[in-house]
Amino acid sequence: MPAKQRLARTRWTATVGGIFGGGGLGTLLLVPLGTGRALLVIAAVVLLLAVVGMVAPPRETEPVPGRP
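Position 51, counted from 1, in the sequence shown is what our numbering calls 51; the numbers after and before it change by one each time, with no gaps.
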């Protein structure tokens with residue numbers, strides 16, 4: 001299997017796994033907390049990740065041959 005096809009399949013698998021995992025985690029949050037509290041927890045996590053993404057220094061990446 002060529003490298004591009006393998007990368008595409010890996011991304012697709014990660015996307016499907018993320019959707020399935022998110023649904024499972026959402027269900028686990030909704031059952032004990034209820035809708036309002038679960039959405040507040042999710043919003044707090046998203047806000048925390050956004051702040052960490054803004055504060056954390058960007059990673060140094062190696063240049064990829066053939067890319068500008």
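Note that CB positions come from ideal geometry on N, CA and C, so glycine has one too.
Alpha carbon to alpha carbon, how far is Q5 from G34? 42 Å
What did DSSP end up calling P32 once you bin it into helix, strand or coil? helix
Sorted by chain position, which residues of the same chain lie with C-beta nearer than 8 Å to V41's C-beta, five sequence neighbours on each side aside? L29 and L33
Report the three-state DSSP secondary structure of M54 (helix, strand or coil). Helix, per DSSP.
For A56 and V46, I'd like the C-alpha separation in whole angstroms. 15 Å
Alpha carbon of T10 to alpha carbon of F20, nearest angstrom: 15 Å
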